[in-house]
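Student: Dropping a structure here in structure tokens format, bear with me for questions.
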Amino acid sequence: MSNNLIKIKPQTNRTDIDEGGGGDNAYNLSMTLAPSELQRILHQSHYTNASSFLSNSFKANMLIDSTTICERSGALDSIEYPKEKADILFSQFLEVWKIRANGSDVFDTVQDLIFACAGVLESAKQEVSRYGEEKGRSNSWKWLEQELKTWKLLYALYKDRTLVQCGDEAMGFDGATLGGSEKEVISQLYNCNSTLREYQLIIDWLEACYECRDYGPLIGHTTDRSVSWENTLFQLKKKKQLAFGTGAEIVKSIDPDAPIREKRPLHALDEEDSMRLSRCLFQEVRQGHIDEATSMCKYYGQSWRAAIFEGWRLHEDPNYDTIGANKSEKLPIEGNPRRDIWKKCAWLMADSKKFDEYTRAIAGAFSGHLESLKSLLGNSWEDLLWAYLKVQVDIRVESEIRACCLKPYHPLPEEYWNSKMSLEQIFDELLVHNDAEVRDYAQSKIGITQKYFILDNISELLQQMRHWIDNEDAECETECIPITPHMLRFLTHIVLFMRQIGRVDIEDAAYQQNHIIAAYVECLITMGDAQLVAFYTATLPSKTSISLYSKFLEKIHKKEARSIALEEAINVGLNVEEITRHAVETIRHAMPTDSDMTGSLQAGEITEFDQRKIKALEWLTFLPAQRGELLWQANAMTRTYLAENKIECVRAISNMIPSDSLAQIIKLYSTKDDIPYREDCSIKEYLSYKVYLAAIDSFDEWTRLYHNRPKEPEPAMVGANFTERVACEHREQVYRAELNHWHITLQEHVKVCRDSLYNVLVFPEMGWLIDPDPPKTFNSNNVAWETRLTQLEKLRSICIPEIVLLLYKVLHVSKDFQGCIKLADDIASETRQLYKVYTKHKLADLLSKLADSSLELLNNKLDPWAIVLLTSPLIRLLHMFRTVYQKGCFSILYSVGGNPLKLWTIHTKNGYVKRVYDEDIKSLVLEIMGTNVSTMYISTPRGNNQQLGIKLPFLVLLIKNMHKYFTFEVKIVDDQRFMRRFRVSNFQSKTSVKPFCTSMPMGMSPGWNQIHFNLADFTRRAYGTNYMETVRLQIHANVRIRRIYFTDRLYQESELPNEYRLIGQPKTKKPISWRVPAARPPSPQTIRGATARSAKTATPAPEPKKEELTEEAQPPPPPQPPPEKKIE
1 MSNNLIKIKP QTNRTDIDEG GGGDNAYNLS MTLAPSELQR ILHQSHYTNA
51 SSFLSNSFKA NMLIDSTTIC ERSGALDSIE YPKEKADILF SQFLEVWKIR
101 ANGSDVFDTV QDLIFACAGV LESAKQEVSR YGEEKGRSNS WKWLEQELKT
151 WKLLYALYKD RTLVQCGDEA MGFDGATLGG SEKEVISQLY NCNSTLREYQ
201 LIIDWLEACY ECRDYGPLIG HTTDRSVSWE NTLFQLKKKK QLAFGTGAEI
251 VKSIDPDAPI REKRPLHALD EEDSMRLSRC LFQEVRQGHI DEATSMCKYY
301 GQSWRAAIFE GWRLHEDPNY DTIGANKSEK LPIEGNPRRD IWKKCAWLMA
351 DSKKFDEYTR AIAGAFSGHL ESLKSLLGNS WEDLLWAYLK VQVDIRVESE
401 IRACCLKPYH PLPEEYWNSK MSLEQIFDEL LVHNDAEVRD YAQSKIGITQ
451 KYFILDNISE LLQQMRHWID NEDAECETEC IPITPHMLRF LTHIVLFMRQ
501 IGRVDIEDAA YQQNHIIAAY VECLITMGDA QLVAFYTATL PSKTSISLYS
551 KFLEKIHKKE ARSIALEEAI NVGLNVEEIT RHAVETIRHA MPTDSDMTGS
601 LQAGEITEFD QRKIKALEWL TFLPAQRGEL LWQANAMTRT YLAENKIECV
651 RAISNMIPSD SLAQIIKLYS TKDDIPYRED CSIKEYLSYK VYLAAIDSFD
701 EWTRLYHNRP KEPEPAMVGA NFTERVACEH REQVYRAELN HWHITLQEHV
751 KVCRDSLYNV LVFPEMGWLI DPDPPKTFNS NNVAWETRLT QLEKLRSICI
801 PEIVLLLYKV LHVSKDFQGC IKLADDIASE TRQLYKVYTK HKLADLLSKL
851 ADSSLELLNN KLDPWAIVLL TSPLIRLLHM FRTVYQKGCF SILYSVGGNP
901 LKLWTIHTKN GYVKRVYDED IKSLVLEIMG TNVSTMYIST PRGNNQQLGI
951 KLPFLVLLIK NMHKYFTFEV KIVDDQRFMR RFRVSNFQSK TSVKPFCTSM
1001 PMGMSPGWNQ IHFNLADFTR RAYGTNYMET VRLQIHANVR IRRIYFTDRL
1051 YQESELPNEY RLIGQPKTKK PISWRVPAAR PPSPQTIRGA TARSAKTATP
1101 APEPKKEELT EEAQPPPPPQ PPPEKKIE
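In structure tokens form, the structure reads like this:
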């Protein structure tokens, strides 16, 4: 159709073409041919068509956009091949879609995508031209050209369908009016007929995308413009002067109809030039350059050919509409008033065999002759589609003209009208065309995509896309382009575009759309770009996005990359908490493959497969709100590794959990009471594993120390000289010192290990790995929850007997046989019911070991059931003061005596113990000083197996504040026969109550202090048991001591003997209040009523009142007395 009529596709301006001529690229082949005129003819290449779509302003903008996008993906020139250069399109499409996501005009997005593809394609072509047309490289960018063409088709069609057609419906076009001129009728037809307008848009698209083929030298290379058929003219003029004839008859006259009328050919050279000119003219027609074709005919002296390009124009007389107006000038008439006669002649010309195929095709393109076009364009899908649509537009235009114009027209042949077809019929014919190339393109993915764009059948296109991704048999080619990452990118953005313009039904086509986008996301996962994966995953439904992004997270192992991946997910609005949870669960449930199970490991090593599992917990450490989920997943993983006896994996899991996790959980829920039941159970389970690990680690440390006893040196040889004997004696001394240090260290480790192992058995509340009572609203019928409870019960049956055996071994090896027998009471206790976790086999094994301990007690003349025989001298020796009469004041240290440390042992390291004279009280006192409080102390009794056996409940210390760190420790036995410790220091700020040790702060006044420690009250309030006796007392640096003694009650100063006082001190001092630990539940073996237990737990026991002590003043006046301390 004439571009001057409908103006759908702009024509190339002749002046613009001429301006590109000249310079070094001009081929000046003739003195009569201007270089600027020849430039247009010589450079007929597809580069002109590819770049004609882009304006100069766009190229400048594209350069800036590409530079910005390249900063993320690397410089474009650093990639060698076009296929690799095209990888930048992934990030460019993302940037375009992110920028235009909230834009009002969705077609600006498509334009930007076209610009991106065109920029990469142009760079790829420059790369190919730089290296030459090497095999495998010249066609490497064909797929990108096809994608670019498809984006242009989509832009043209759907902009018309979305914007123009909607506007037509709003305006309500009724069709062409009768009696108008041909131009007016067709103009109105294009306005109201969207189908015809779409046909013309497709024709314009095919003409813009046409690639000129290389048929040899161009017309300008062999022909001068001075005269047409110059060789024939020269032979006719000089026929008699020629020495030799041509050997063939040529035309006798030189008019245009001479070859047809005389049935004789032109000169051979003119025939060749005429064929070359016809080919060039047809290429111009195929590109829609009608004005250029007309100018070319005139340029080469064949004006009669130019008439063919003018006769088809629609007629319009502008003077007809201006008759009533006062216009003196007559306007020129447009078009051909005898167009019907011209068209009939052009039809006969296209149908005739007397003309060459290009001339016939040119005539057929303007007269609607399909066969002449098909015979020439039979090996290209795009050319054939152009031919079919040209004919369909011509038929519909001709029908409208003959129906609406009021003048008679010459009839056209029946074959002309029989060529009318629908788009579906056209595509069916292309699908079964004789040429293999046409069939292959019609069955290709690009061909099918373009077909459904033209037919506007998006639902069927989505189904085809899904079949391609699933590799199912569909309407696809036999040798098809595989689903490459760029093809997935192309299909995905088509889906996103159709979503934006509302051309797909979200409900009906949801599966196909999500399936296509999900396939693209899986492809992006292999590329590893978090920004790409996050953005496109966010376009999917929640369930699918969680599954896909968690799959992406499973492939990331570095912490920095994980942080970036989560940040990108948060930026696009993904549910990060569910994604990370799903990722950790998937990795946790993964089963090892054969490759993961190969290879040998050293002791203490972890397999790579287990390391990946444990490292997955890191996903839950980035957000503080996920610490509860972190504990839940870590506990689940720990249960598995404990069941497999992989203690190193359990240790690694514990190290993965941040130290502030419990604080973050409490902070999240404000208070402990508001923590949900699930998180509460997770916290207790986590603490249970911490206690278990501490027990195992302490046992390992004790085992290591126990088996590293110092080696005894070899004795001196008989007859050794003096030097050898001295060296041997020195080795003996070193050995004895090391052995003594080893014994002391071993005893300390025995105590720590015993307490750590007991912490598992006497775990607070209901016991180790036992959940608190669930609230009424909690649903415990969940399968996962029931599985967890089963696993916890199995672990108790495995770990608790193991801990008991380890504890027995420690006690038995350290010859604490009574402690071994006490294990039977702990296991048989109904409070924790540890006996229920034992099988008959394990219980028989434990009883056999306890029998060995009973035999050892009998050998030591002790009761085999651990009841002490007080009549035995050995027992009296072990329990120093149990058989001694204890009433009133019982002193165990007095600094003035001849041997104040007779009952004490000294542990000196980086310090000293000596007796000094104190100026404040004018007396000798014992001074203990050291740089490290924990390594400098004195303790009583001296033997490790001895016990004080003091039953008096009050401990009194007369000590001086040295303004340095100071602590002391008291070990007692309660009525449950458990060893309990009280540790008091001046450097601790909070009270800590543990099953076997209570630590508390202490404040001291300057100078001398008198401290009263009520052992019975503290034992009752801290542990809910009754005080029986004091076993051991340990005094650490830094302090001065006057006296340490026990009393049966609190005595007034006047009631005390003079040596138990601080000489000359006043007796009235205000006692100091001490913080007391909260009451613990009653002991397992003490039967108390529920009311009594509630009362003990709710309020601390009242401290008995202490009367003010007075003492008469003695001259001379005494110095300022120290305050008297009392621990409540």
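Counting from 1, one number per residue, gives the positions in the sequence shown under full-length UniProt numbering. In this text, a Cβ means the ideal position worked out from N, Cα and C, and glycines have one as well. From a predicted model like this one, the values you see are computed outputs, not experimental measurements.
If we ignore side chains and look at the alpha-carbon of each, how far apart do residue 834 and residue 761 end up?
Tutor: As a first step, residue 834 is located in the sequence shown; it is residue number 834 there, counting from the start. As a first step, residue 761 is located in the sequence shown; it is residue number 761 there, counting from the start. Cα to Cα, residue 834 sits roughly 8 Å from residue 761.
Student: Can the beta-carbon of residue 757 be found less than 8 Å from the beta-carbon of residue 813?
Tutor: Looking up residue 757 in the sequence shown gives position 757. Looking up residue 813 in the sequence shown gives position 813. Their beta carbons are not under 8 Å apart, which means residue 757 does not touch residue 813 by this criterion.
Student: Taking only the alpha-carbon atoms, compute the straight-line gap between residue 783 and residue 745 and give it to the nearest angstrom.
Tutor: Here residue 783 is taken as the residue at index 783 of the sequence shown, counted from 1. Here residue 745 is taken as the residue at index 745 of the sequence shown, counted from 1. Those two C-alpha atoms are separated by around 50 Å.
Student: Would a C-beta distance cut-off of 8 Å place residue 490 and residue 793 closer than the cut-off?
Tutor: By one-based count along the sequence shown, residue 490 stands at place 490. By one-based count along the sequence shown, residue 793 stands at place 793. No; because the gap between Cβ atoms is not below 8 Å, this pair is not in contact.
Student: For residue 827, count the other beta carbons within 10 Å of its own beta carbon; 16 or more makes it buried, fewer makes it exposed. Which is it?
Tutor: Along the sequence shown, read from residue 1 onward, the residue named residue 827 stands at position 827. Buried, because 16 or more other Cβ atoms sit within 10 Å of the Cβ of residue 827.
Student: Since residue 313 and residue 335 should fall inside the 8 Å C-beta cutoff, what is the C-beta to C-beta distance between them, to a whole number of angstroms?
Tutor: Working through the sequence shown from its first residue, we reach residue 313 at position 313. Working through the sequence shown from its first residue, we reach residue 335 at position 335. With a Cβ gap of about 4 Å, residue 313 and residue 335 count as contacting.
Student: Using the Cα positions of residue 883 and residue 652, report the straight-line distance between them to the nearest angstrom.
Tutor: Taking the sequence shown and counting its residues from 1, the one referred to as residue 883 is at position 883. Taking the sequence shown and counting its residues from 1, the one referred to as residue 652 is at position 652. Answer to the nearest angstrom: the Cα atoms are 52 Å apart.
Student: Only counting runs of 3 or more residues, tell me where the beta strand (DSSP E) segments fall wholly within the region 896-951, in order along the chain.
Tutor: Entirely contained in the region 896-951, the beta strand (DSSP E) runs reaching 3 residues are, in chain order, 905-907, 911-918, 923-930 and 937-940.
Student: Out of curiosity, what's the CA-to-CA distance linking residue 683 and residue 667?
Tutor: As a working mapping, residue 683 is identified with position 683 in the sequence shown. As a working mapping, residue 667 is identified with position 667 in the sequence shown. Spanning the two alpha carbons is a distance of roughly 14 Å.
Student: Going by the DSSP bridge assignment, what does residue 1008 pair with across the sheet?
Tutor: One-based indexing of the sequence shown puts residue 1008 at position 1008. DSSP lists 960 as partners of residue 1008.
Student: Got a sec? Which residues, its chain only, sit under 7 Å from residue 469 by beta carbon, not counting five neighbours each side?
Tutor: Locating residue 469 in the sequence shown gives position 469, counting from the first residue. The residues are 483, 515, 516 and 519.
Student: Going by the beta-carbon positions, is the gap between residue 665 and residue 675 smaller than 8 Å?
Tutor: Indexing the sequence shown from 1 puts residue 665 at position 665. Indexing the sequence shown from 1 puts residue 675 at position 675. Yes, these two residues count as a Cβ contact at 8 Å.
Student: Within 10 angstroms of its Cβ, does residue 1006 collect 16 or more other Cβ (buried), or is it exposed?
Tutor: Working through the sequence shown from its first residue, we reach residue 1006 at position 1006. Flag for residue 1006 reads exposed.
Student: For the candidate residues 554, 987, 283 and 773, whose alpha-carbon lies nearest to that of residue 528?
Tutor: The count along the sequence shown starts at 1 and reaches residue 528 at position 528. Considering only alpha carbons, the answer is 554.
Student: Please state the DSSP three-state secondary structure of residue 688.
Tutor: What you label residue 688 is simply residue 688 of the sequence shown in a count that begins at 1. Three-state result, residue 688: helix.
Student: So what does residue 998 bridge to, in DSSP terms?
Tutor: To locate residue 998, count along the sequence shown from 1; it is residue 998. DSSP lists 982 and 993 as partners of residue 998.
Student: Residue range of the alpha helix (DSSP H) that residue 675 falls in?
Tutor: Taking the sequence shown and counting its residues from 1, one reaches residue 675 at position 675. It is not in any alpha helix (DSSP H) - residue 675 carries neither H nor E in the DSSP assignment.
Student: Quick one, which of 318, 319 and 281 has its alpha-carbon nearest residue 305's?
Tutor: Locating residue 305 in the sequence shown gives position 305, counting from the first residue. Nearest of 318, 319 and 281 to residue 305, Cα basis: 281.
Student: Under DSSP, the alpha helix (DSSP H) around residue 465 begins and ends at which residues?
Tutor: The residue given as residue 465 occupies position 465 in the sequence shown. Looking at the DSSP string, the run of the alpha helix (DSSP H) that includes residue 465 is 458-470.
Student: Between which residues of its own chain and residue 530 is the CB-CB distance below 7 Å, once the five residues before and five after are set aside?
Tutor: If you number the sequence shown from 1, residue 530 lands on position 530. Contacts found: 564, 565 and 568.
Student: Between the alpha carbons of residue 532 and residue 86, how many angstroms are there, rounded?
Tutor: Here residue 532 refers to the residue found at position 532 of the sequence shown. Here residue 86 refers to the residue found at position 86 of the sequence shown. Rounded to the nearest angstrom, the two C-alpha atoms are 16 Å apart.
Student: Between the beta-carbon of residue 1033 and the beta-carbon of residue 908, is there less than 8 Å?
Tutor: Here residue 1033 refers to the residue found at position 1033 of the sequence shown. Here residue 908 refers to the residue found at position 908 of the sequence shown. Their beta carbons are not under 8 Å apart, which means residue 1033 does not touch residue 908 by this criterion.
Student: I'd like to confirm the pairing. Which residues does DSSP put opposite residue 1034 in its beta bridges?
Tutor: Here residue 1034 is taken as the residue at index 1034 of the sequence shown, counted from 1. Answer is 939 and 969.
Student: Check whether the region 711-726 touches the region 790-809, taking contact to mean three or more Cβ pairs, one atom from each stretch, closer than 8 Å.
Tutor: The region 711-726 vs the region 790-809: no contact.
Student: Per the DSSP calculation, residue 1047 is bridged to which residue(s)?
Tutor: Within the sequence shown, residue 1047 is the residue found at index 1047, counting from 1. Answer by DSSP bridge pairing, in chain order: 889 and 954.
Student: Our contact map puts residue 966 next to residue 1036 with C-beta atoms below 8 Å; I'd like the distance itself, whole angstroms only.
Tutor: Taking the first residue of the sequence shown as position 1, residue 966 is located at position 966. Taking the first residue of the sequence shown as position 1, residue 1036 is located at position 1036. So it is a contact: roughly 7 Å between Cβ atoms.
Student: Tell me the start and end of each unbroken alpha helix (DSSP H) in the region 759-818 that is at least 4 residues and wholly inside, in chain order.
Tutor: Correct list: 783-813.
Student: Helix, strand or coil: how does DSSP classify residue 334 here?
Tutor: Stepping through the sequence shown from its first residue, residue 334 is reached at position 334. The answer is strand: DSSP assigns residue 334 an E or B state.
Student: For the alpha helix (DSSP H) containing residue 151, name the first residue and the last one.
Tutor: Here residue 151 refers to the residue found at position 151 of the sequence shown. Unbroken alpha helix (DSSP H) run through residue 151: 142-159.
Student: Taking 8 Å as the threshold (C-beta atoms), are residue 370 and residue 422 in contact?
Tutor: Within the sequence shown, residue 422 is the residue found at index 422, counting from 1. Within the sequence shown, residue 370 is the residue found at index 370, counting from 1. No.
Student: Going by alpha carbons, who is nearest to residue 252 out of 988, 185 and 229?
Tutor: For the purposes of this step, residue 252 is taken as the residue at position 252 of the sequence shown. Checked all of 988, 185 and 229; the closest Cα to residue 252 is 229.
Student: How close, in whole Å, do the beta carbons of residue 424 and residue 455 come, if the pair is a contact with beta carbons under 8 Å?
Tutor: As a first step, residue 424 is located in the sequence shown; it is residue number 424 there, counting from the start. As a first step, residue 455 is located in the sequence shown; it is residue number 455 there, counting from the start. At roughly 7 Å, the Cβ-Cβ gap stays under 8 Å, so residue 424 and residue 455 are in contact.
Student: Do you know how far the Cα of residue 735 is from the Cα of residue 923?
Tutor: What you label residue 923 is simply residue 923 of the sequence shown in a count that begins at 1. What you label residue 735 is simply residue 735 of the sequence shown in a count that begins at 1. Looking at the two C-alpha atoms, the distance is approximately 40 Å.
Student: Over the uninterrupted alpha helix (DSSP H) stretch that includes residue 344, give me the two end residues.
Tutor: Counted from its first residue, the sequence shown places residue 344 at position 344. From DSSP, the alpha helix (DSSP H) with residue 344 extends over 339-351.
Student: For residue 1068, count neighbouring Cβ atoms within 10 angstroms of its own Cβ and tell me buried if that reaches 16, exposed if not.
Tutor: To locate residue 1068, count along the sequence shown from 1; it is residue 1068. Note that residue 1068 scores 44 on pLDDT, short of 50, meaning its location in the model is unreliable and no value can be drawn from it.
Student: Is residue 1039 helix, strand or coil by DSSP?
Tutor: Taking the first residue of the sequence shown as 1, we reach residue 1039 at position 1039. Three-state DSSP puts residue 1039 in a strand.
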